[in-house]
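What follows is a short report on a single structure.
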Amino acid sequence: MAKPSAGAVTGVPIGSAAWSTGLCDCFDDCGLCCTTCWCPCITFGRVAEMVDRGTTSCGTGGALYALLCAFTGCQWIYSCVYRGKMRAQHGLADAACGDCCVHCCCESCALCQEYRELVARGYDPKLGWHLNVERGAAAAAAAAAAAPAVQHMGR
1 MAKPSAGAVT GVPIGSAAWS TGLCDCFDDC GLCCTTCWCP CITFGRVAEM VDRGTTSCGT
61 GGALYALLCA FTGCQWIYSC VYRGKMRAQH GLADAACGDC CVHCCCESCA LCQEYRELVA
121 RGYDPKLGWH LNVERGAAAA AAAAAAAPAV QHMGR
């Protein structure tokens, strides 16, 4: 599993990497699809926490999303911003019609795609950012402990 890091540099030019799944692959994970369809604030909150690397909690992001949905109907603008942040962090290609159009026309599909992308990159958004970091650190420590010691030849 890839270790989450706060300032990873991948060497991939921004906007050149393909998404791991398509926009309309929602039914690849039926549980996620149902959650996003009936309560998109949960999926959005999880994505926002991961993209913001723990500075925005799942609850805060989800609550803001729900309030925007209830009072303005423009929650897609908020989620569009996070899609742009995620693309910049991971060097993902932009959709032909742009992030805002994707979120305005296909909000549930866009949220599912973002969540699946995080999973494909080794994260578990259900755990939140901090537990993902701990899991990555534990995996790195286990790998270091399992590595053979360097031996030098004596004269």
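Using full-length UniProt numbering, read the sequence shown as starting at 1 and increasing by one per residue.
Don't be surprised by glycine CBs; every beta carbon is placed ideally from N, CA and C.
Predicted, not measured: the structure shown is a model, and the values here were computed from it.
- In this structure, DSSP gives leucine 92 an extended state, which the three-state scheme calls strand.
- Cβ-Cβ distances below 8 angstroms link cysteine 69 to Pro40, Cys41, Gln75 in the same chain, with the five nearest sequence neighbours on each side left out; the list follows chain order.
- Cβ atoms of cysteine 109 and cysteine 26 come within 8 angstroms of each other, at about 5 angstroms.
- Here the alpha carbon of alanine 95 sits roughly 37 angstroms from the alpha carbon of alanine 143.
- When the beta-carbon positions are compared, phenylalanine 44 and leucine 111 come within less than 8 angstroms of each other.
- Annotated three-state conformation of alanine 63 is helix, per DSSP.
- The C-beta distance from glutamate 117 to serine 16 rounds to 15 angstroms, too long to fall under 8 angstroms, and the pair is not in contact.
- In this structure, the alpha-carbon of alanine 141 lies about 43 angstroms from that of cysteine 101.
- Contact annotation: glutamine 89 and valine 51 have beta-carbon atoms nearer than 8 angstroms.
- Secondary structure of alanine 17 (DSSP, three-state): strand.
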